[in-house]
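Notes to accompany the following structure.
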Amino acid sequence: MKYALLGYDIDGSLERLAAEDKHALHRAHRLLHDETAAKTPGSVQMIAHYRFRPPRLATTIRCAGDDLITTEGPAAKASETLRALYLLESDNPDAVRDLASQLPAIQVGGTVEIWPRWAARSRSGR
Numbered sequence: 135m136k137y138a139l140l141g142y143d144i145d146g147s148l149e150r151l152a153a154e155d156k157h158a159l160h161r162a163h164r165l166l167h168d169e170t171a172a173k174t175p176g177s178v179q180m181i182a183h184y185r186f187r188p189p190r191l192a193t194t195i196r197c198a199g200d201d202l203i204t205t206e207g208p209a210a211k212a213s214e215t216l217r218a219l220y221l222l223e224s225d226n227p228d229a230v231r232d233l234a235s236q237l238p239a240i241q242v243g244g245t246v247e248i249w250p251r252w253a254a255r256s257r258s259g260r
């Protein structure tokens, strides 16, 4: 099964980290990615990992009738902001939860959501 893990920063805690601590988090991300690059039975394979810039750099587009409205910033104001996306594959949901608990964002008070992904259906309907 494939999963998307969404990593959230709480109240900008990542931006308040000292530069050395940020570098340590980035090293931990790379190490975790390297450790999960190959798929073995019962393990988790990290397919991709994307980090996002601070929310103030996001752009939101909405449709209001026939008009498109563009605003600067995220769609919703919240104390938790989306900062990372991980794409995983595993046949073991417990291994996915274990990996999620090891994500550096968790170590600094962040939150991670685990979302099972729908399998794409082929055009032939199989």
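Count the sequence shown with my numbering and you get residues 135 to 260, in order. All C-beta atoms, glycine included, are put in the ideal place defined by N, C-alpha and C.
Buried or exposed by the 16-neighbour rule on C-beta atoms within 10 Å, applied to A239: buried
Sheet register partners of M180 (DSSP bridge): L222
Simplified DSSP state of E247, which is helix, strand or coil: strand
Alpha-carbon to alpha-carbon, L216 and A210: 11 Å
Inter-residue spacing [alpha-carbon to alpha-carbon] between E154 and K136: 33 Å
Simplified DSSP assignment, three categories, for A198: strand
L233 beta carbon less than 8 Å from that of I181: no
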